[in-house]
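A quick write-up on the structure given underneath.
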Amino acid sequence: MKKKLSKQRVGKVIEILENHYGDEGCGLDFRTPYELLVATILSAQCTDVRVNVVTDELFKDYNTPQKMLTLSQQKLQEHIRSCGLSKTKSKNILATSRLLLQVFDGEVPKTMEELTELPGVGRKTANVVMSNAFGADAIAVDTHVFRVSKRIGLATGNNVLQVEKELMEMLPKSYWSKAHHWIIWHGRRLCKARNPECPECPLKEICLYKDKTVAEI
DNA sequence: AACTCGGGGCA
DNA sequence: TGCCCAGAGTT
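With our numbering, the residue at position 86 of the first sequence is 167, and numbering never jumps.
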């Protein structure tokens, strides 16, 4: 039996998150489509803070497919070492850059189908590019968004597709991008997968998950 | 659905 | 030391 979601409640949750976080934690949405694509590939199993440190340096000289391909895989691997999984990621970034030049005329494609064809680009990365770079009607659901949305009562689904659909239904489109950031930031800072800091949480009065000390989601 | 990739931050 | 991290690909 699914719990019913109320738009009124959702509005309250978003209002609280906005007042609490505002412009904090505006991670990966300020780059060009290519930079955003590369940064998001790098973000797998790695915190946004580390991705930003690495890409701030990397993109000074290598912010297009052409420039990226002047790097050997070995050299790129050294640049992105601290993001982890650097062997796979460097290989995928170079293969993707090659495909962009050979198949997509040097541009980042604008459909989910084409994006997910690129090596190292899965549903989540494609979604981030579609929504953040091209303003498409999409909300990227990662582990934080999935967990936090369910805890604070923005979604009830049991997979990312359901949660994505619910969030798009429950949130005004003008808030999709901002809400996405707030939810992720909240998941990093307080609503952590394990040992969430509920006493510090601005949502503790209305959260469905309050007072839990062990993660169940 | 479960497993692997992986270096660095933090307890 | 051991655990964890804005996922993707393979089996």
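Think of the CB as a built atom: it goes at the ideal place given N, C-alpha and C, for glycine as much as any other residue.
Does the beta-carbon distance from residue i to residue j come in below 8 Å?
i       : j       : result
Gln-158 : Lys-168 : yes
Val-210 : Val-244 : no
Gly-238 : Glu-247 : yes
Thr-136 : Leu-123 : yes
Thr-224 : Val-202 : no
Tyr-256 : Ile-97  : no
Leu-180 : Leu-199 : yes
Ser-230 : Ile-265 : no
Leu-289 : Gly-216 : no
How is residue i classed by DSSP in three states: helix, strand or coil?
i       : result
Thr-121 : helix
Asn-100 : helix
Lys-302 : Only positions 82 to 298 of the chain appear in the structure, and residue 302 is not among them; the question remains open.
Cys-279 : helix
Glu-286 : coil
Ser-255 : helix
Gly-234 : coil
Thr-294 : Here Thr-294 scores only 46 on pLDDT, less than 50, and its place in the model should not be relied on; the value that follows carries that caveat. Thr-294 falls in the coil class under three-state DSSP.
Arg-112 : coil
Met-82  : Unreliable placement is indicated for Met-82, whose pLDDT of 38 sits below 50; the coordinate value is still reported in the next sentence. In the structure shown, Met-82 sits in coil (DSSP, three-state: anything other than H, G, I, E or B).
Arg-90  : helix
Ala-260 : helix
His-267 : helix
Ile-95  : helix
What's the C-alpha gap between residue i and residue j?
i       : j       : result
Ala-236 : Leu-86  : 7 Å
Glu-194 : Gly-92  : 33 Å
Lys-254 : Lys-88  : 13 Å
Thr-294 : His-261 : At Thr-294, the pLDDT of 46 sits below 50, so the modelled position is not reliable; the number obtained from the coordinates is stated separately. Answer to the nearest angstrom: the Cα atoms are 25 Å apart.
Ser-212 : Glu-286 : 31 Å
Glu-138 : Val-241 : 33 Å
Arg-131 : Lys-259 : 21 Å
Leu-196 : Ile-220 : 15 Å
Leu-117 : Ala-214 : 7 Å
Cys-272 : Lys-191 : 33 Å
Arg-232 : His-267 : 12 Å
Ser-153 : Ala-125 : 21 Å
Leu-150 : Ser-171 : 11 Å
Cys-164 : Asn-133 : 10 Å
Leu-284 : Leu-252 : 17 Å
Ala-296 : Gln-183 : Because Ala-296 carries a pLDDT of 44, less than 50, the predicted location of this residue cannot be relied on, and the following value inherits that uncertainty. Those two C-alpha atoms are separated by around 46 Å.
Gly-103 : Thr-121 : 23 Å
Arg-275 : Phe-227 : 14 Å
Asn-100 : Gln-155 : 45 Å
Met-82  : His-160 : Caution applies to Met-82, whose pLDDT of 38 falls short of 50 and renders its modelled position unreliable; the model cannot decide the point.
Cys-282 : Thr-128 : 21 Å
Phe-140 : Lys-205 : 22 Å
Cys-279 : Arg-270 : 11 Å
Arg-306 : Asn-173 : The chain is shown from 82 up to 298; residue 306 falls before or after that span and cannot be answered.
For this session: Would you list, in sequence order, the uninterrupted alpha helix (DSSP H) runs of no fewer than 4 residues that lie entirely inside the region 151-227?
Result: 154-160, 167-184, 193-198, 204-209
For this session: Taking 8 Å as the threshold, find out whether the region 140-155 comes into contact with the region 181-198 through three or more Cβ pairs.
Result: yes
Exercise. Where in the region 124-152 do unbroken runs of the alpha helix (DSSP H), each at least 4 residues long, occur, reported from the N-terminal end onward?
Worked result: 129-142, 146-149
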